[in-house]
Every structure is written in C-alpha cells, then in structure tokens.
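Engineer:
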Ligand code: FAD
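Numbering (the working numbering), first residue to last: -16 to 264.
(1) Determine, using beta carbons only, whether residue 248 and residue 40 come nearer to each other than 8 Å.
(2) Please indicate yes or no: does the CB of residue 261 lie closer than 7 Å to some heavy atom of the ligand FAD?
(3) Would you mind stating whether residue -5 and residue 24 have Cβ atoms separated by less than 8 Å?
(4) Note down the Cα distance separating residue 176 from residue 170, rounded to an integer number of angstroms.
(5) Can you confirm whether the segment 72 to 84 touches the segment 43 to 62 when touching is taken to mean that 3 or more C-beta pairs between the two stretches lie within less than 8 Å?
(6) Helix, strand or coil for residue 62, going by three-state DSSP, please let me know.
(7) Suppose the cutoff is 6 Å on Cβ atoms and the five residues either side in sequence are ignored; what does the same chain contact list for residue 131 look like?
(8) So, does the segment 176 to 186 touch the segment 9 to 28, judging by three or more C-beta pairs under 8 Å?
(9) Taking 8 Å as the threshold, find out whether the segment 233 to 245 comes into contact with the segment 197 to 206 through three or more Cβ pairs.
(10) Going along the chain, which unbroken runs of the alpha helix (DSSP H) with 4 or more residues stay wholly within the segment 128 to 161?
(11) Could you tell me the distance, in whole angstroms, from the CA atom of residue 125 to the CA atom of residue 73?
(12) If you check the beta carbons only, do residue 245 and residue 186 fall under 8 Å apart?
(13) Smallest Cα separation from residue 46: which of 111, 27 and 134?
(14) Helix, strand or coil: which one does DSSP assign to residue 56?
(15) Which residue comes first and which comes last in the alpha helix (DSSP H) that contains residue 38?
(16) Between residue 29 and the ligand FAD, is there a pair consisting of the residue's CB and a ligand heavy atom that are separated by less than 7 Å?
(17) Output the boundary residues of the beta strand (DSSP E) element that contains residue 182.
(18) So residue 215 and residue 182 are in contact, right, with Cβ under 8 Å, and what is the actual spacing, rounded?
(19) Where does residue 124 sit, in a helix, a strand or coil, going by DSSP?
(20) Buried or exposed for residue 227, please, with buried defined as at least 16 other CB atoms from any protein chain shown within 10 angstroms of its CB.
(21) Taking the beta carbon of residue 115 as the centre, do at least 16 other beta carbons fall within 10 Å, making it buried, or is it exposed?
(22) For residue 112 and residue 207, I'd like the C-alpha separation in whole angstroms.
Structure, rendered in structure tokens:
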C-alpha cells in the first residue's frame, strides 16, 4: 500500500525567469542538474503585474525543447481575457499540459488589477476556453493567506478554485508539518479531495528568507529563526542546519501522506538536489 502511494507522488521544481545573461546561463546549469533527478515538471513564475511574461514563456519554451515538462504560472494582475487566451494558445502550441493559475499581488505603484479579481475567476476562464487541455494547479496556504479575514473564509475561497476546475494545489512554503497536515485534514472535512502538494523552500540565506516570509505570511518558527540569526555570516553552518531542518520537514510530510513535494529552487540546484538525495526520492 505504502509503495503504491509512493509511486504516484509527484516531485517538481520551480524557477523564476532570469533577467541577465549570467542568470540565464546559471538557470541552464540548474535545469541540467535537476533534470537528472527526473522531476514530474518544472514550473516557472510569472512576475508581479506580468513583468516577466516574455521571460516566463522563454524559459518554458526551453524546458519543453529539452523534452521536459514545463508548467507556466499565470497571474490575474494586469491581465485581460484576450491576453490569457493568447497565452494559452501559445502554450498549447509548444506542448504545455500543466499551468499554475494565481491571482498574484499588485506591485507597488500599479493600480490596474486586470479583468480577473481572484484566481477562481482565472481558473473558470481557462476551463471555459481550453476545456481539459491543461492540468490546472492553484495555490494553497496551510498557514492561511495573509489577506484572509479568518481561516474559515480562506478555506471557502480555496474551495471556490477547486470548484472552478483546478485539479490540484501547491502550497505556500512553511516549516511546520503540523500546519500542513491539519490544513489537509480541514480540506477533507470541507469535501476538497484534490492533491495538495507542499511547497518546500530550502534554507540558504537568512535575510532573504526573513524578507520573503514577512511579505507572504509564512512563519519561521522561533527555534529556526534563533539558530539562523546565530549563524548569520557563517554560511557553511547555516546551510548545513537548513538542509537538516528541511530534509526532516520533507520526511515528516511524506510520512504524513503528502502527495509529493514542490521545491522552490530559487534557480539553484544544490540545496534541492541535496535534499532530494537525502530523501532517496
Ligand atoms: P486567490 O486564491 O485569489 O486568493 C487571494 C485572497 O483573496 C485570499 O485571501 C483569499 O481568501 C481571497 N479570495 C479568493 N477568492 C475570493 C473571492 N472569490 N472573493 C473574495 N475573496 C477571495 N505570485 C506571482 O505574482 N507570480 C507567481 O508566479 C506566483 N506563484 C506562486 C506559486 C505558488 C505555489 C504560491 C503558493 C504562490 C504564488 N504566488 C505567485 C503568490 C500569489 O500570487 C499570492 O500569494 C497572492 O497574494 C494570492 O494568489 P492566489 O492565487 O492564492 O489568490
């Protein structure tokens, strides 16, 4: 039984579109190294307000051209129905079969939200215009979305995205296995039965992680924060600690029945590759 579950688990990696020639060269090295691990797909983020739309497409095109599976993110911010329809066609033309549909966040100074207010509207539109051409992933928040007034309201809104036709979800990152397991339990109680794959953020840089976490509402538990603060400039110890903590988290999630893992690679292959190896995936 356990091995059946294991066989159907999906392991995937996320990239962001690079902005410089050095970043592009680095991402090629990362893609080659991680492709050797045979993840189910590589997703590529969509910059705030559509700022990396072309970049996302270019990276996806390269992934597909390498015989791998790309999963572009598409967000609502600054997007029209016509834009999305054009993008869907372009992605279908290069063989893309999976999308990550998001609302996105309004970048500072930008006022135009676009034609979709929430991710559930984007999912409905994608299903309307492209039927079942794509497997649609949406975002989930085990520690709840920072704008949600209550966990109950957030769960209701998450359910709207599934009802609109999403096939599965990837979570915001977190460092508490208990928060994820409870969230999945609450989803089952609310009749949400799609796979909810934990998003995993390797720990390699304390300041960057603290900044991300403040903005997206992901909690760094005190004991982890204290250790990271202590290591600050001792990167060797910080990374060794980060690998131990995140590998233990992944093992607890898989033991608890998580249907896979999605790694936020930040375009680096070493941390994800090392955790992958330690878990024996
Ligand atoms: P939604 O599901 O629309 O939810 C946003 C908020 O509105 C929540 O508080 C929810 O409770 C509430 N809500 C939802 N529907 C309704 C409704 N119908 N009526 C009233 N309230 C509602 N951002 C990017 O810009 N680009 C990316 O590529 C990107 N990739 C991501 C990948 C993953 C796996 C995750 C977890 C996040 C990603 N994000 C990305 C960040 C994401 O865009 C933000 O977290 C954003 O604030 C919410 O997006 P969402 O799709 O979850 O929004």
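We put the CB at the ideal spot given by N, CA and C, even for glycine.
Structural biologist: Walking through what the data contain:
(1) Here the question's residue 248 lines up with position 265 in the chain shown. Here the question's residue 40 lines up with position 57 in the chain shown. No.
(2) Taking the first residue of the chain shown as position 1, residue 261 is located at position 278. Checking the Cβ of residue 261 against the ligand FAD gives no.
(3) Looking up residue -5 in the chain shown gives position 12. Looking up residue 24 in the chain shown gives position 41. Contact flag set, yes.
(4) Reading the chain shown from its first residue, position 193 is the one you call residue 176. Reading the chain shown from its first residue, position 187 is the one you call residue 170. The C-alpha of residue 176 lies about 7 Å from the C-alpha of residue 170.
(5) With a cut-off of 8 Å on Cβ pairs, the segment 43 to 62 is in contact with the segment 72 to 84, counting three or more such pairs.
(6) Residue mapping note: residue 62 aligns to position 79 of the chain shown, counting from 1. If DSSP states are grouped into helix, strand and coil, residue 62 belongs with the strands.
(7) Taking the chain shown and counting its residues from 1, one reaches residue 131 at position 148. Answer for residue 131: 137, listed in chain order.
(8) Too few Cβ pairs lie closer than 8 Å, so no.
(9) Cβ pair count under 8 Å is below three, so no.
(10) Correct list: 134 to 146.
(11) Locating residue 125 in the chain shown gives position 142, where the first residue counts as 1. Locating residue 73 in the chain shown gives position 90, where the first residue counts as 1. Counting only the Cα atoms, residue 73 lies some 33 Å from residue 125.
(12) Locating residue 245 in the chain shown gives position 262, where the first residue counts as 1. Locating residue 186 in the chain shown gives position 203, where the first residue counts as 1. In this structure, residue 186 does not lie closer than 8 Å to residue 245 by Cβ.
(13) As a first step, residue 46 must be located in the chain shown, where it is residue number 63. Nearest option by C-alpha distance: 27.
(14) The residue labelled residue 56 in the question sits at position 73 within the chain shown. Residue state, collapsed to three classes: strand.
(15) What you label residue 38 is simply residue 55 of the chain shown in a count that begins at 1. Element bounds for residue 38: 36 to 48.
(16) For the purposes of this step, residue 29 is taken as the residue at position 46 of the chain shown. At a cut-off of 7 Å, the beta-carbon of residue 29 counts as near the ligand FAD: some heavy atom of the ligand is closer than that.
(17) Translated into the one-based positions of the chain shown, residue 182 becomes position 199. Membership of residue 182 in the beta strand (DSSP E) is indicated by the continuous run 179 to 183.
(18) Sequence index remark: in the chain shown, residue 215 carries index 232 (1-based). Sequence index remark: in the chain shown, residue 182 carries index 199 (1-based). Taking C-beta atoms under 8 Å as the contact rule, residue 215 and residue 182 fail to qualify, at a distance of about 25 Å.
(19) What you label residue 124 is simply residue 141 of the chain shown in a count that begins at 1. Residue 124 falls in the coil class under three-state DSSP.
(20) Position 244 of the chain shown holds residue 227. Per the 10 Å Cβ criterion, exposed.
(21) What you label residue 115 is simply residue 132 of the chain shown in a count that begins at 1. Per the 10 Å Cβ criterion, exposed.
(22) Your numbering for residue 112 matches position 129 in the chain shown. Your numbering for residue 207 matches position 224 in the chain shown. If I take the Cα positions, the gap works out to 45 Å.
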